[in-house]
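Undergrad:
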Amino acid sequence: HGSWVLTAAFSPDGRLLGTGCVGSTARIYEVGSGKLLRQLKHLGCVSGVNFSPDGRRLATASGDKCARIFDVESGEVLHKLKHSALVWTASFSRDGARLCTSAGNG
Numbered sequence: 001h002g003s004w005v006l007t008a009a010f011s012p013d014g015r016l017l018g019t020g021c022v023g024s025t026a027r028i029y030e031v032g033s034g035k036l037l038r039q040l041k042h043l044g045c046v047s048g049v050n051f052s053p054d055g056r057r058l059a060t061a062s063g064d065k066c067a068r069i070f071d072v073e074s075g076e077v078l079h080k081l082k083h084s085a086l087v088w089t090a091s092f093s094r095d096g097a098r099l100c101t102s103a104g105n106g
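Residue numbers (UniProt numbering): 1 to 106.
(1) Quick check on PHE10: buried or exposed, where buried means 16 or more other Cβ atoms within 10 Å of its Cβ?
(2) Following the continuous beta strand (DSSP E) through VAL49, name the residue where it begins and the one where it ends.
(3) Taking the alpha carbon of ALA26 as the point to measure from, which residue in ARG15, PHE51, GLY32 and HIS83 has its own alpha carbon closest?
(4) Threshold first: 4 residues or longer. Then list the alpha helix (DSSP H) segments lying entirely within the region 27-78, N to C.
(5) How far does the beta strand (DSSP E) with VAL22 in it extend, from its first residue to its last?
(6) Is ARG68 buried or exposed, if buried means 16 or more other CB atoms sit within 10 Å of its CB?
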């Protein structure tokens with residue numbers, strides 16, 4: 001990463017590792033080889049990462065006051081959820097249909 005890693009999470013099948021850092025980047029690595037597969041740019045530190053239950057999406061929480069949902073395969077932003085304060089965490093529901101976030105404004 002080149003800066004402090006703030007968060008990390010395995011995909012449900014254990015094949016991938018998502019990380020987030022102070023340096024405004026989330027990354028997806030292949031666990032077996034350690035190969036970097038995706039760099040996902042943000043405008044603030046990435047304080048939370050979580051995979052969807054099917055492993056096809058990665059949710060991120062960021063100091064840029066947004067939570068994002070990325071397509072793991074392409075790295076495309078599928079959804080950008082704006083908040084009024086920095087976002088600390090983002091977690092999918094068990095069925096993957098909903099996203100829960102926590103933000104610095106209570």
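For each residue, glycine too, the CB sits at the ideal point set by N, CA and C.
TA: Looking at the coordinates:
(1) Position 10 of the sequence shown, counting from 1, holds the residue named residue 10. Exposed.
(2) Locating residue 49 in the sequence shown gives position 49, where the first residue counts as 1. Residues 46-51.
(3) Here residue 26 refers to the residue found at position 26 when the sequence shown is read from its first residue. Comparing Cα-Cα distances from ALA26 to each of ARG15, PHE51, GLY32 and HIS83, the minimum goes to PHE51.
(4) none
(5) Position 22 of the sequence shown, counted from the first residue, corresponds to residue 22. Here VAL22 belongs to no beta strand (DSSP E), and DSSP marks it neither H nor E.
(6) Your numbering for residue 68 matches position 68 in the sequence shown. Buried: at least 16 other Cβ atoms inside 10 Å.
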